[in-house]
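Visitor: Structure provided below as structure tokens; questions to follow.
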Amino acid sequence: MKDIELGQIQKMLHQQGYIGDGSIAMSIFLAMKLEKPLLIEGPAGVGKTEVAKVMAKALHTDLIRLQCYEGLDSTHALYEWNYQHQLLYLKMQEEKGQNAKALEETIFSERFLLKRPILQAITHSKKPVLLIDEIDRSDEEFESFLLEVLSDWQVTIPEIGTISATHKPQIILTGNRTRELSEALRRRCLYLWIDYPDFEKELAIVKTKVPEVDAKLGQQICVFMKELRQLKLEKTPGISETIDWARALVSMHLTHLDKQTVEDTLGVVLKDWQDMRHTRDALSELLEKTGVVSRIG
Amino acid sequence: MQNLIERQTELSGNIVLLCRFLRKKGFPVSVIEEADALSALSLLSVRREKEFKEALKIVLSKNQYQFKKFDGYYHEFWDQLSKAVDSKTKENLERKNKRSEAKQQEIRFDSLKNWLNLKPSEEEKAVSSYSDFEALTKKNFSDLNEEEMQLMMRLLEKLARSVAHQKSRLRKVSKKRNKIDLKRTIRLSMRKGGDIQKLVYSERKEKKLKLVLLCDVSKSMDLYSRFFVHLIYAFQNAYDKIETFVFSTALHRVTAILDNYEFDKAFDIISDRVPHWSGGTTIGSCLQDFVSGYEHSLLDKKTIVFILSDGWDTGEPIVMKDAMKAIYKTSRKVIWLNPLGGSANFSPDALGMKTALPYIDLLASAHNLESLKQAILLLPKKRSLVNHTSYL
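For the protein sequence lines, the chains are B and C, in the order given.
End of the first sequence sits at 297 in UniProt numbering; the numbers just go up one at a time, nothing left out.
End of the second sequence sits at 392 in UniProt numbering; the numbers just go up one at a time, nothing left out.
Structure follows, in structure tokens:
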């Protein structure tokens, strides 16, 4: 895996149906070569998480995912003893009258250890991709804990001992900028910012993901989305919304946009009632820019 | 990689120069990043210009702002560098016959070095300006330059954050393993016949400050309004529950804008949206609009209302009085920040100010950091403990 070339990565991304610009392939390439974590930021729905998925697929390895949330702590990220099983086991053994020491050794063995994502990644038989999703949602304490793991690659479990990584997992961190990440974490990572795609790129994505889309419809969808993003919306739709919308329209067997369908299916694209209202008001103008209205009028 | 560094090829030398240049531009480039950059470049088999730039961008930038600015700086750097190299080679050729001109060229090369900020004296200067921090806290907000503003905002955000996270004495169930909640643990175990199978933890509840910010952006506040938007931006980042409005002749809710955009963009959008940006003020009617539109949804006994204004009202005093009364009654505390409070002979004489005074818990001057800090530190205090006349 270490002697992979930049061109190969571009090809793999393409084969997996991931259309990205040069910086995405480059960042994956560098992250693998320099063995550094890759921090990806960008607006919602531009395919940050997808990068990790595609990477795992392309490298024929497993993706281990750690979804961050407020209150996530080391027990949920590293390991936990299966307390309930330990209790049951003890009860069962009580009748047999085993000696205490042997019992203790059994209940604190790997059998009763619940491996959480980071420990899983460390002990994995093949170098996995570890996706730490939405890191900015976790607390600051967890972030510093993560720093420690990222630098040492070993986990100490008091009852068992220290477990060192068999392979350094390939780490991808994603964030939505809900909270500013610490400088220390940023410095340990390579950085990639993914923005909304331009028109050509988005069209290519739609064509790859929804191959049955009519050429004209695809074009209209992408122009419309581009114009829509120009409006100052509360929640600007991402690429995933574009793809959803294209799928929805294709399933309705449409070959072009018209005002009525757009109005009816706006809920696929916009997820905020204020945006909805705002867009409805500006719809005629939007469609005119897309080049739809002339046909209806 | 080691080789590359030791050999000090022209390329690696230039990369080091680039790193220094970026460091001056605020990129956090340390030796590690420099080494990474060099080893990244050594990995690229075909050194195409675009890939070269992409690789450096990914290694050297660490946040969105830097990521977007990188291309510009990168080109600026190489342009200047190639210019300098040109003049240097020229200089070598002409040195023999034209001494004086050669000297001039040398000056040009020196000026490039200066431009790159490589001179140690420059660096020292930069450090010393940071130690002028004491002076900064007393400096009037209207005379701040952009750099001081940035520094100030970082301080303010820190300050605001320290006030935002106050712990209550109440406890709540927690996912973190700090303190065991025995009562709940035992109650839970009852269901399973008295065996404790799951421990319940608790942590102290966070007292969340709820803030409503009303910021005057009229003509008379012109000197301060950019600063105030900076301030509310810093606040918005520090507090979870905050609603922000700006007003001059009409009221505008700008919470979402400040939430979603970088400062400069947010500032532009707000200036766009508010048609009377820097026009006259009708504080009274704007406050009235706020009361009628948002009193029930935003104000309660946990909410602190901040009003940033100089109190020059061109409307009817009675309107202002009613609005202030309503706000005072439904909120936890009303704090009025008046930037004019900094001048020695200030007294709340403006008619608007006089009308509002009985319904303000704290009238603070907000002309420098020192005064603002006092006001922020008083945030978590109870109404009765706030000194009514701490504006001088």
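Ideal Cβ placement from N, Cα and C applies to all residues, glycine included.
If you draw a straight line from the alpha carbon of R229(B) to that of A44(B), how long is it in whole angstroms?
Guide: Approximately 13 Å, taken between the alpha carbons.
Visitor: Three Cβ pairs or more, each shorter than 8 Å: is that satisfied between the segment 8 to 25 of chain B and the segment 45 to 55 of chain B?
Guide: Result yes; three or more Cβ-Cβ pairs closer than 8 Å.
Visitor: What residues in the segment 243 to 256 of chain C bring their beta carbon closer than 8 Å to a beta carbon of chain B?
Guide: From the segment 243 to 256 of chain C, only A256 have a Cβ closer than 8 Å to chain B.
Visitor: Where do the N-terminal and C-terminal ends of the beta strand (DSSP E) with K172(C) fall, by residue?
Guide: K172(C) -> beta strand (DSSP E) spans 165 to 174.
Visitor: Which residues in the same chain have their Cβ closer than 8 Å to the Cβ of Y79(B), if we skip the five residues on either side of it in sequence?
Guide: Within the same chain, Y79(B) has close Cβ partners L113, L114, K115, R116, L119, V155, I157.
Visitor: Applying a beta-carbon distance threshold of less than 7 Å, which residues of chain B neighbour E54(C)?
Guide: G22, S23, M26, listed in chain order.
Visitor: For residue 426(C) and V305(C), I'd like the C-alpha separation in whole angstroms.
Guide: Residue 426(C) cannot be examined here, being either before or after the span of chain C that is shown, 1 to 392.
Visitor: Tell me where the beta strand (DSSP E) around E80(B) begins and ends.
Guide: Element bounds for E80(B): 79 to 81.
Visitor: Judging by CA-CA distance, which residue of F21(C), G284(C), D195(C) is the nearest neighbour of L351(C)?
Guide: Nearest C-alpha to L351(C): G284(C).
Visitor: If you compare alpha carbons, which of I243(B), M276(B), L257(B) is closest to L266(B)?
Guide: It is M276(B).
Visitor: Comparing C-alpha positions only, which one of A77(B), L203(B), A165(B), Q86(B) sits nearest to G218(B)?
Guide: For the residues A77(B), L203(B), A165(B), Q86(B), the minimum Cα distance to G218(B) belongs to L203(B).
Visitor: Quick one, which residues of the segment 37 to 51 of chain C are near chain B if we go by CB-CB under 8 Å, in chain order?
Guide: Listed in sequence order: S39, A40, L43, L44, S45, K50, E51.
Visitor: Closest to Q67(B) by C-alpha separation, out of L130(B), M252(B), I9(B), would be which residue?
Guide: Closest option to Q67(B), Cα to Cα, is L130(B).
Visitor: Whole angstroms is fine: what's the gap from C19(C)'s alpha carbon to D289(C)'s?
Guide: Their backbone Cα atoms lie some 53 Å apart in a straight line.
Visitor: Based on Cα-Cα distance, which residue from G315(C), L363(C), L17(C) lies nearest to A250(C)?
Guide: Considering only alpha carbons, the answer is G315(C).
Visitor: State yes or no: is the beta carbon of Q67(B) nearer than 8 Å to at least one beta carbon in chain C?
Guide: Not one chain C Cβ lies under 8 Å of Q67(B).
Visitor: Are the C-beta of Q220(B) and some C-beta of chain C separated by less than 8 Å?
Guide: No - not a single Cβ of chain C is within 8 Å of the one on Q220(B).
Visitor: Return the chain-ordered ranges of every alpha helix (DSSP H) run that is complete within the segment 120 to 178 of chain B and spans a minimum of 4 residues.
Guide: For the segment 120 to 178 of chain B, whole alpha helix (DSSP H) runs of length 4 or above, ordered along the chain, are 140 to 152.
Visitor: Closer than 7 Å by C-beta to A234(C): which residues in its own chain qualify, once you throw out the five before and the five after it? Chain order, please.
Guide: Once the five neighbours on either side are set aside, the close Cβ partners of A234(C) are M153, L156, E157, A160.
Visitor: By DSSP, does W273(B) sit in helix, in strand, or in coil?
Guide: Here W273(B) sits in helix by DSSP.
Visitor: If contact means a Cβ-Cβ distance below 9 Å, which residues of the segment 204 to 229 of chain C contact chain B?
Guide: Cβ contacts with chain B come from no residue of the segment 204 to 229 of chain C.
Visitor: Considering only the alpha carbon of each residue, which of R187(C), S202(C), E295(C) lies closest to D195(C)?
Guide: Here the closest residue by C-alpha is R187(C).
Visitor: So, are the CB atoms of I64(B) and P128(B) less than 8 Å apart?
Guide: Against a cut-off of 8 Å, the Cβ pair of P128(B) and I64(B) comes out as a contact.
Visitor: Between E234(B) and chain C, is there a C-beta pair that is closer than 8 Å?
Guide: Yes, E234(B) counts as interfacial toward chain C.
Visitor: Which residues in chain E sit within 7 Å of Y83(B), going by Cβ to Cβ distance?
Guide: Judged by its chain identifiers, the structure shown contains no chain E, and its protein chains are B and C.
Visitor: Any beta carbon from chain C within less than 8 Å of D73(B)'s own beta carbon?
Guide: Yes, D73(B) lies at the interface with chain C (some Cβ there is under 8 Å from its Cβ).
Visitor: Under a three-way DSSP split, which group does A323(C) fall into?
Guide: Looking at A323(C) - three-state DSSP - the assignment turns out to be helix.
Visitor: Under the three-state reduction of DSSP, which class applies to C215(C): helix, strand or coil?
Guide: C215(C): strand per DSSP, three-state reduction.
Visitor: Counting Cβ pairs closer than 8 Å, one from the segment 174 to 190 of chain C and one from the segment 260 to 276 of chain C, do we hit at least three?
Guide: Too few Cβ pairs lie closer than 8 Å, so no.
Visitor: Let me know if H367(C) comes out buried or exposed under the rule of 16 or more other beta-carbons within 10 Å of its beta-carbon.
Guide: Looking at its Cβ environment, which holds 16 or more other Cβ atoms inside 10 Å, H367(C) is buried.
Visitor: Where does V31(C) land, buried or exposed, given buried means 16+ other C-beta within 10 angstroms?
Guide: V31(C) should be labelled exposed.
Visitor: Just curious, the alpha helix (DSSP H) that Q31(C) is in, first and last residue?
Guide: Gln is not the amino acid found at residue 31(C); the sequence shown has Val there. 31 to 43 is the extent of the alpha helix (DSSP H) around V31(C).
Visitor: For chain B, is any of its Cβ atoms less than 8 Å away from the one on K241(C)?
Guide: Taking Cβ atoms only, chain B never reaches closer than 8 Å to K241(C), which makes this a no.
Visitor: Following the continuous beta strand (DSSP E) through I335(C), name the residue where it begins and the one where it ends.
Guide: Run containing I335(C): 333 to 338, per the beta strand (DSSP E) assignment.
Visitor: Under 7 Å Cβ-Cβ, which residues of chain B neighbour S61(C)?
Guide: Neighbours of S61(C) on chain B, chain order: Y191.
Visitor: Drop a sphere of 10 angstroms on the beta-carbon of A102(B), count the other beta-carbons inside from all chains shown, and report buried for 16 or more, exposed for fewer.
Guide: Per the 10 Å Cβ criterion, exposed.
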